Amino acid sequence: MAATAQSIIFHQYDISPFSEKVRVAFGIKSLEWYACDEPVIMPKPDLVALTGGYRKIPVMQIGADVYCDTQIILRELEKRFPSPTLFPGADKGLGWGTAMWTDRVFFQAAVAIIFGGGTPLADDAFIKDREQLTGRPFDIEGMKAASPMMAEQFRAQLGWLEEQLADGRKFLIGDEPGLADASAFYNLAFVRWTSPNGVKIIETFPGVLAWEKHVADIGHGKRQEISREEALDIAKAATSTEEAKADPGEPNGFKPGDAVTVMADDYGRDPVIGDLVSSSAQHIAIKRNDPRVGDVVVHFPRAGFLVMKS
Ligand SMILES: N[C@@H](CCC(=O)N[C@@H](CS)C(=O)NCC(=O)O)C(=O)O
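Residues 4 to 313 in my numbering are what the sequence shown lists, from first letter to last.
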């Protein structure tokens, strides 16, 4: 079936670990989605036409609404498709905090093990691209030197998962899978795809191994493919469904209509400029125009992002 303005179009690539987090969430919610494959390195003209500058992967598009960063992608999926929830059980508040740990500290330990251990992924073009992404040298030799220490870090953090699973529970929060599982799992998947040494560390944790199988069994929902051309045509023909909404608690007084710049606070800090449509403690939506896609509304999370007056 051809994709429509209501379809989930997921701009991704298969070996993208952050994309794996969302693919597991598609599985938890049994969603149908369209994979729109993007390049692993810049240039990404089609992606940037949608986002206005944000280049990281994944990005979710539904019609003319564009969601940048897994945090806001998952929040939107939970809003549109609440059941089954990504927050099962009593510990609902812990999911997002767990994700902040897995996306930063745990992810960096995995990255150091993978790239410090030597992987064909890191050719010259990739290294140059990731230096541009982070604004720092992509120091393979340094990562090699640090990899014994990072192996300790990775092992210690896997140990936290093992402790959480020690009572024999199927998933991190209990009997049902949720955001915490998708978040922790993708780092292990990334290591499995790329690092035999990292896999040896994972294999010392029996509880983690059993849990990994349970998460893998969830699958990725129903995946179909879509071309970048077709995805952009859908954005161009569609209208955003985001309604203007002021946030009375907005700490810096931003309100609908203000021209603002939004950027990530870590790496891939490319600024995106637009007019504020709506905002809350967890979300900001800005409208922009691009000759290829027309008017689109680009959504970001607040935690981990900076908002400035343009
Ligand atoms: N905070 C972002 C992180 C995304 C991220 O770092 N993605 C990696 C790929 S998994 C990336 O964009 N790398 C650079 C690239 O693909 O161009 C999120 O949660 O979506």
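C-beta atoms are modelled at their ideal positions from N, C-alpha and C, and glycine is treated no differently. Treat the numbers as computed from the prediction; the structure is a model and nothing was measured.
Nearest neighbour of residue i, chosen from the options [CA to CA]
| i | options | result |
| --- | --- | --- |
| A102 | V263, S313, A28 and L309 | A28 |
| M153 | G201, P304 and Q135 | G201 |
| T7 | W196, G100 and I65 | I65 |
| G56 | R272, L309 and V300 | R272 |
| D40 | T54, I31 and I18 | I18 |
| V299 | A67, A112 and K225 | A67 |
| A183 | G98, K59, V25 and W214 | G98 |
| T9 | I289, Q160 and A241 | According to the sequence as given, residue 9 is Gln; it is not Thr. The shortest Cα separation from Q9 among I289, Q160 and A241 belongs to A241. |
| P199 | I11, W36, I117 and E245 | I117 |
| W36 | V25, S281, E245 and V51 | V25 |
| G121 | C71, W196 and E215 | W196 |
| A38 | G30, V280 and F13 | F13 |
| D268 | I237, P304, Q160 and P209 | P304 |
| K312 | I289, A306, V296 and R226 | I289 |
| Q135 | A112, F109, K59 and E165 | K59 |
| E144 | R226, G119 and E215 | G119 |
| F193 | V296, F21 and A128 | F21 |
| D125 | D142, A112, T137 and Q111 | For the sequence presented, residue 125 should be read as Ala rather than Asp. A125 has its Cα closest to that of D142, out of D142, A112, T137 and Q111. |
| A128 | G252, E166, D220 and I44 | I44 |
| D170 | P209, D278 and D261 | P209 |
| E157 | E228, F110 and A284 | The sequence as given places Phe at residue 157; Glu does not occur at that position. Ranking E228, F110 and A284 by Cα distance to F157 puts F110 first. |
| A306 | A113, M266 and E155 | M266 |
Nearest-angstrom Cβ-Cβ length linking residue i and residue j, presumed shorter than 8 Å
| i | j | result |
| --- | --- | --- |
| H2 | K173 | Because residue 2 is not part of the residues shown, which for the chain are 4 to 313, the question remains open. |
| G181 | P91 | 5 Å |
| P61 | T73 | 7 Å |
| Y270 | E23 | 19 Å between Cβ atoms; not a contact. |
| L212 | D49 | Not quite, the Cβ-Cβ distance comes to about 39 Å (not below 8 Å), so this is no contact. |
| A53 | F84 | Contrary to the premise, residue 53 reads as Leu rather than Ala in this sequence. L53 to F84, Cβ: 22 Å. No contact. |
| L191 | I205 | 6 Å |
| V280 | E253 | Contact doesn't hold; Cβ gap of about 13 Å is too wide. |
| K32 | L80 | 7 Å |
| G277 | V310 | Actually they are not in contact, since the Cβ atoms of G277 and V310 sit about 11 Å apart, beyond 8 Å. |
| H286 | R107 | Incorrect: roughly 20 Å between the Cβ atoms, too far for contact. |
Interface flag, residue i vs chain D, CB-CB below 8 Å
| i | result |
| --- | --- |
| T105 | Reference to chain D is not applicable here, since this structure consists of a single protein chain. |
Beta bridge counterpart(s) of residue i as assigned by DSSP
| i | result |
| --- | --- |
| H217 | Answer is none; H217 lacks a bridge partner. |
| Q15 | D40 |
| F303 | I287 |
| V310 | V265 |
| G297 | D293 |
Residue i CB to nearest heavy atom of ligand 2 below 7 Å
| i | result |
| --- | --- |
| P209 | Among the ligands present in this structure, namely ligand 1, ligand 2 is not found. |
Task: 3-residue-minimum beta strand (DSSP E) runs that sit fully inside the region 245-292, ordered along the chain - done: 262-267 and 275-283
Task: Length at least 4, wholly inside the region 158-244: the alpha helix (DSSP H) runs in chain order - done: 182-197, 199-205, 209-221 and 231-240
TODO: Enumerate, from N- to C-terminal direction, the unbroken alpha helix (DSSP H) stretches of 4 or more residues contained entirely within the region 21-65.
DONE: 48-54
Task: Uninterrupted beta strand (DSSP E) stretches inside the region 64-98 (no shorter than 3 residues) - done: 68-71
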